[in-house]
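Counted the way this note's numbering counts, the sequence shown spans residues 307 to 535. Backbone N, C-alpha and C fix where the C-beta goes; we use that ideal spot for every residue, glycine too.
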Amino acid sequence: MRVLLIEDEHHLREALRRGLSEAGDEVVGAATGPEGLRLAREQVFDVIVCDILLPGLNGFQVCRRLREQAVWTPVLVLTAKDGEWDQAEALDAGADDYLTKPFSYVVLRAHLRALARRGARSDNQGADLMRWGDIVLDKRAHRCSRAGRTVELSNREFELLAELLASGGRAVTKSELLERVWGPGFNGDPNIVEVYVGYLRRKLDAPFGRRSLETVRGVGYRLAPDEVD
């Protein structure tokens, strides 16, 4: 699992990071609400662990903003032992699960595994909603956004981006894109793929200072982890 851990208490954050890392998980830590929100929007995680009492933005605010910006990564909130109101507010804010402090590490890992499985099933079954970092493509609503801002795409641009998202970071050849987006009977200039990749870069990368659409020399194109200009 790839876990985002948003916890301002240094000793607890480091203890959880070590434990999860030793179990084979990749853990990215954040000590404040705004830092955690930024990482959750810009990177892909299987699950997010978020404390409630955080500097800058509390856990409830982080959850609400994530859901408002169409980030659907499962979130587990850490609450006080007797905080039933916290638990209710966390769920209302968009959290998927909660765990009360103090908690068993064994139980924490079980909760995280369950959330990660749930998120994986949602991704596989609900291909209408596709994500890469802070790019969100809603195929049913035919809507694209990045960092919470709507990006207007033509039908062909939309279809091309959907194919790149479906590849999950794998390089897709020009011939594959031509067949899937323009159709097997397309007889025009194959360089049309480069033209439309350029359109996507101008709409999805340039305005946000990113370089997500990457050319793989001799192969084709892929979506790479965000690079900031």
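Go ahead and label residue i buried or exposed: buried means 16 or more other beta carbons lie within 10 angstroms of its beta carbon, across all protein chains shown.
i	result
LEU326	buried
GLU500	exposed
ASP331	buried
PRO408	exposed
GLY432	Any reading at GLY432 must be qualified, since the residue scores a pLDDT of 44, below 50, and its modelled position is unreliable; the value itself is stated next. GLY432 comes out exposed.
GLY526	buried
PHE492	exposed
ALA336	buried
ARG446	exposed
LEU529	buried
ALA394	exposed
THR385	buried
PRO380	buried
VAL368	buried
ASP511	buried
TYR411	exposed
ASP402	buried
VAL457	buried
ASP392	buried
GLY342	buried
ALA416	exposed
GLY494	exposed
ASN430	Confidence is the limiting factor: at ASN430 the pLDDT is only 32, short of 50, which leaves the residue's position unreliable, though a coordinate-based value still follows. The residue in question, ASN430, is exposed, as its Cβ has fewer than 16 Cβ neighbours within 10 Å.
GLY593	The chain is shown only over 307 to 535; residue 593 falls outside these bounds and no answer can be derived.
Measuring alpha carbon to alpha carbon, tell me which residue in the options is nearest residue i.
i	options	result
ARG373	GLY475, ALA396 and TYR502	ALA396
GLY524	VAL478, GLY504 and PRO490	VAL478
ASP440	HIS316, GLY515, GLU315 and GLY339	GLY515
ILE312	ARG370, PRO490, VAL383 and THR379	VAL383
SER518	TRP438, ARG446 and HIS448	TRP438
VAL503	ASP444, PRO340, VAL309 and LEU459	LEU459
ALA329	ALA530, ASP402, LEU414 and VAL522	LEU414
LEU484	LEU466, LEU471, SER473 and ALA472	LEU466
ARG507	GLU520, GLY389 and ASP495	GLU520
GLU320	VAL334, GLY339 and LYS480	VAL334
ARG452	ARG462, MET436 and LEU318	MET436
GLY454	ARG370, TYR404 and GLU469	ARG370
GLU463	TRP488, GLY475 and SER473	TRP488
PRO496	GLU341, GLU390 and GLU482	GLU482
GLU390	ILE358, ALA416 and GLY362	ILE358
ARG476	VAL522, VAL442 and TYR505	VAL522
THR406	GLY400, VAL442, GLY339 and CYS356	CYS356
VAL442	GLN375, ILE354 and HIS316	GLN375
ILE354	LYS480, TYR505, TYR404 and ILE498	TYR404
Roughly how far, in whole angstroms, is the beta-carbon of residue i from the beta-carbon of residue j, given that I think they are within contact range, below 8 Å?
i	j	result
ARG423	VAL377	19 Å between Cβ atoms; not a contact.
LEU536	PHE351	Because the chain spans 307 through 535 in this model, residue 536 falls outside it and cannot be assessed.
MET307	LEU471	Incorrect: roughly 21 Å between the Cβ atoms, too far for contact.
GLU469	ARG449	No, GLU469 and ARG449 are not in contact; Cβ-Cβ is about 17 Å, not under 8 Å.
GLU360	ASP314	Correcting the residue identity first, residue 360 is Leu in this sequence and not Glu. Yes, they are in contact, since the Cβ atoms of LEU360 and ASP314 sit about 5 Å apart, within 8 Å.
Please decide whether residue i counts as near chain D, where near means a Cβ-Cβ distance under 7 Å.
i	result
LEU405	In the displayed structure, chain D is absent; only one protein chain is listed.
- Where are the beta strand (DSSP E) runs, 3 residues long or more, that stay fully inside the region 391-455, in chain order? Fully enclosed beta strand (DSSP E) runs of 3 or longer: 403-406, 435-438, 441-444 and 449-452.
- Ranges of the alpha helix (DSSP H) found wholly within the region 332-364, counting only runs of at least 4: If we require 4 residues or more, the alpha helix (DSSP H) runs fully inside the region 332-364 come out as 339-348.
- Message: Using a Cβ distance threshold of 8 Å, determine whether the region 333-349 contacts the region 409-422, with at least three qualifying pairs required.
- Response: The region 333-349 vs the region 409-422: no contact.
- Task: Counting only runs of 4+ residues fully inside the region 459-485, write out the alpha helix (DSSP H) ranges in chain order.
- Result: If we require 4 residues or more, the alpha helix (DSSP H) runs fully inside the region 459-485 come out as 461-472 and 480-483.
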